[in-house]
Structures are given as C-alpha cells and as structure tokens.
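Working notes for the structure below.
Structural data, given as structure tokens:
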C-alpha cells in the first residue's frame, strides 16, 4: 500500500535535515554562541572588518558594545 513508503521517506528526510542543523550548531559553537555572519555586499564586509578591528582579539564575533570601546 501507499503507506509502506513512509518509513523510507522519514529516513531520507532525516538524512537531509541532519547536516543542515548540525552545520548551524557547529557555526554557533565555533563563533562563541553567535550566528555565522555572511558578507554579501562590500558594506557588510567593511562592518565585519570594523568589528574584527574593534574587538581587540582579531575576531569579528567577539564584539564590544559602544560603552566598552576606548
């Protein structure tokens, strides 16, 4: 019957879902709990470079608020 395909579809769906979710968690773990930032435009790249320079540790994901910048 038609419902015999459901276990195969569930396995295939899980195999397609796991790498995407795992990638998001790996990025979060490696970036100190923050989402991965992507620079599609040069303005976004300049902001990431500014954050890297301002952070003091040469990493864009270790940001400081305006009150902590010397």
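Residue numbers (my numbering): 108 to 177.
Backbone N, C-alpha and C fix where the C-beta goes; we use that ideal spot for every residue, glycine too.
For residue i, the first and last residue of its enclosing alpha helix (DSSP H)
i: residue 116; result: 113-137
i: residue 152; result: 149-162
Alpha carbon of residue i to alpha carbon of residue j, nearest angstrom
i: residue 181; j: residue 128; result: Outside the displayed span of the chain (108 to 177) sits residue 181, for which this structure offers no information.
i: residue 188; j: residue 162; result: Absent from the structure is residue 188, since the part of the chain shown begins at 108 and ends at 177.
i: residue 169; j: residue 139; result: 8 Å
i: residue 144; j: residue 110; result: 42 Å
i: residue 154; j: residue 112; result: 49 Å
i: residue 115; j: residue 125; result: 16 Å
i: residue 108; j: residue 120; result: 20 Å
i: residue 148; j: residue 165; result: 21 Å
i: residue 137; j: residue 160; result: 19 Å
Neighbour-count burial assignment, residue i, 16 or more Cβ in a 10 Å radius
i: residue 167; result: buried
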